Amino acid sequence: MERLLDEIEGTFREASVLPVGGRKAVVDRADLLSLLEELRAELPGEVDGASLVDEECRAMITAAREEARRILEEARQEARERALETKLYRDVLRRAEDSVRAARGYAREVAGQADAYRDRVMGQLEEWFADSVDAASGARRELQMPVLQRSSRRFGMESWRRANSA
Numbered sequence: 092m093e094r095l096l097d098e099i100e101g102t103f104r105e106a107s108v109l110p111v112g113g114r115k116a117v118v119d120r121a122d123l124l125s126l127l128e129e130l131r132a133e134l135p136g137e138v139d140g141a142s143l144v145d146e147e148c149r150a151m152i153t154a155a156r157e158e159a160r161r162i163l164e165e166a167r168q169e170a171r172e173r174a175l176e177t178k179l180y181r182d183v184l185r186r187a188e189d190s191v192r193a194a195r196g197y198a199r200e201v202a203g204q205a206d207a208y209r210d211r212v213m214g215q216l217e218e219w220f221a222d223s224v225d226a227a228s229g230a231r232r233e234l235q236m237p238v239l240q241r242s243s244r245r246f247g248m249e250s251w252r253r254a255n256s257a
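Going by this note's numbering, the letters in the sequence shown line up with residues 92 to 257, in that order.
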């Protein structure tokens with residue numbers, strides 16, 4: 092195609108210029124038409140070739156974009172992984188571990204205090220129940236006495252009888 096264009100250009104350059112206007116020339120019509128026919132015959136092949144080049148370029152651009160996306164995703168993933176290794180992350184992790192340790196220590200302390208409270212309350216209940224059992228036993232013994240002996244005992248009469256019967 093380049094050769095045909097060069098030949099057409101050469102035909103115009105070699106053409107005789109008309110004396111009337113310096114811009115007009117006489118060319119061999121048959122030669123020019125023959126060159127144009129050859130050019131037309133080659134043009135579809137050139138256009139098809141250009142279309143193939145265009146398609147190949149588009150495919151290359153698409154592949155390059157996909158590769159760029161993949162590279163970016165890998166870079167992001169690597170950045171996330173490296174972030175785990177940073178000093179800031181290690182500091183945060185250490186603080187979190189310290190907080191967990193402190194919380195566990197506090198939980199042990201509270202559990203110890205709860206155990207002490209439970210023991211104190213249970214001891215008080217045991218004393219109360221023991222006092223209640225003693226009072227119930229005393230009441231039972233008193234109820235087993237004859238009625239007069241109970242009444243006098245209750246009103247302090249027994250000591251009066253002893254004092255008067257002597």
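Glycine included, C-beta positions come from ideal geometry on N, C-alpha and C. Please read these numbers as outputs of a predicted model, since none were measured by experiment.
With DSSP run on the structure shown, which of helix, strand or coil describes residue i?
| i | result |
| --- | --- |
| A79 | Beyond the ends of the chain as shown, which are 92 and 257, falls residue 79; an answer cannot be given. |
| V144 | helix |
| V117 | strand |
| V111 | coil |
| M236 | coil |
Distance, Cα to Cα, residue i vs residue j?
| i | j | result |
| --- | --- | --- |
| R104 | V111 | 18 Å |
| A205 | R231 | 38 Å |
| L184 | E217 | 49 Å |
| S142 | C148 | 10 Å |
| A170 | V144 | 38 Å |
| S228 | L234 | 10 Å |
| W219 | E200 | 29 Å |
Check for me: the alpha helix (DSSP H) holding residue i runs from which residue to which?
| i | result |
| --- | --- |
| E176 | It is not in any alpha helix (DSSP H) - E176 carries neither H nor E in the DSSP assignment. |
| L96 | 93-105 |
Once you ignore the five residues that flank residue i on each side, which residues in its own chain have a CB closer than 8 Å to its CB?
| i | result |
| --- | --- |
| L123 | I99, T102 |
Are the region 110-129 and the region 152-168 touching by the rule of at least three beta carbon pairs closer than 8 Å? no
Segment contact, 8 Å Cβ cut-off, at least three pairs: the region 92-103 with the region 121-138: yes
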